[in-house]
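Residue numbers (this note's numbering): 1 to 313.
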């Protein structure tokens with residue numbers, strides 16, 4: 001058995017749709033973030049060091065060069081022949097619409113790039129951006145809007161200096177779905193003050209708003225962040241590997257089978273990772289999730305009777 005026997009993974013979803021292996025190529029297009037440039041705040045989220053999320057975060061090369069480099073690595077590793085340009089680093093809808101179009105068009109001009117996955121914040125998706133993405137979709141491109149929610153609890157979002165609340169997320173989802181745009185929501189497990197039942201409740205609230213894809217990520221402590229200072233002062237304790245695996249299995253069970261999981265974990269390189277060390281062990285985490293679902297005899301969309309109580313809104 002493989003993880004895809006238990007979970008509706010993005011890889012198998014795209015393979016079924018296109019008849020070939022499709023892989024994301026991460027791109028840093030040189031955007032910033034309103035929570036860093038002073039528009040919403042300074043310094044960004046307390047956990048944010050973007051080099052922990054993107055391999056191209058520090059010195060972005062031109063988009064074509066990044067696609068070529070990513071393609072070479074991915075094709076050798078997985079044999080993928082088709083790609084999604086994943087605009088990943090910081091807020092990839094936060095600029096002039098004409099500039100956004102030029103950068104998106106550059107990626108789509110590559111003959112083996114079949115679409116875009118655009119990572120952004122819920123408070124940075126104005127109608128002009130959504131209309132542009134919907135235009136690409138009408139042209140036949142695979143388009144995903146990835147919204148970094150992280151938690152459905154406003155008190156948590158405030159604590160990590162996120163700069164937006166759950167209401168902005170709901171508005172963005174509704175506007176995207178009105179245009180037929182599929183939405184992938186990012187949730188971070190183990191945020192300060194949160195327990196597994198917070199993750200289950202965030203999932204439930206996201207599902208109630210309507211979502212097409214999900215990304216789960218363990219909160220890891222990396223150098224150069226305010227969270228690192230909290231961790232050093234013993235004000236924050238990361239989740240254990242066992243706790244994360246068990247919580248993810250709960251979320252998978254509670255997720256309708258048609259929702260696509262783009263990711264079930266995330267990693268950080270050892271040169272910036274402070275804690276927990278298991279956030280460098282991608283396959284150990286994924287294999288652990290697979291084993292836990294196998295142990296339970298469950299899969300996506302098949303919750304156990306005692307999956308846990310939800311927090312009241």
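A virtual CB, placed ideally from N, CA and C, is assigned to each residue, including glycine.
These numbers were taken from a predicted model, which means no experiment stands behind them.
{"Item": "First and last residue of the uninterrupted beta strand (DSSP E) at residue 146", "Value": "142 to 150"}
{"Item": "Of the listed residues 177, 22, 262 and 220, nearest to residue 81 (C-alpha basis)", "Value": "22"}
{"Item": "Own chain, CB closer than 8 Å to residue 112, minus 5 neighbours either side, in chain order", "Value": "71, 81, 82 and 83"}
{"Item": "Cβ neighbours of residue 198 in the same chain (closer than 8 Å, five flanking residues each side left out)", "Value": "151, 153, 156, 191 and 311"}
{"Item": "Residue 48 versus residue 185 - alpha carbon distance", "Value": "17 Å"}
{"Item": "Any 3 or more C-beta pairs closer than 8 Å across the stretch 261 to 271 and the stretch 226 to 241", "Value": "no"}
{"Item": "Opposing strand residues paired with residue 22 [DSSP bridges]", "Value": "82"}
{"Item": "Whole-number beta carbon distance between residue 219 and residue 189, since they are thought to touch under 8 Å", "Value": "7 Å"}
{"Item": "Cα-Cα separation, residue 174 to residue 128", "Value": "15 Å"}
{"Item": "Of the residues 108, 19 and 33, the one placed nearest residue 164, counting alpha carbons only", "Value": "33"}
{"Item": "Cβ-Cβ distance between residue 374 and residue 120 below 7 Å", "Value": "As displayed, the chain neither begins before 1 nor continues past 313, which places residue 374 out of reach and without an answer."}
{"Item": "Chain-order list of residues whose beta-carbon lies under 6 Å from that of residue 245 (same chain, five-residue window excluded)", "Value": "288, 289 and 292"}
{"Item": "C-alpha gap between residue 252 and residue 196, whole angstroms", "Value": "13 Å"}
{"Item": "Local conformation of residue 166 per DSSP, three classes", "Value": "helix"}
{"Item": "CB of residue 134 within 7 Å of CB of residue 99, strictly", "Value": "no"}
{"Item": "Identity of the residue in 97, 285, 2 and 5 nearest residue 243 by Cα", "Value": "285"}
{"Item": "Nearest-angstrom Cα separation, counted from residue 96 out to residue 143", "Value": "20 Å"}
{"Item": "Pair within 7 Å by beta-carbon distance, residue 94 and residue 117", "Value": "no"}
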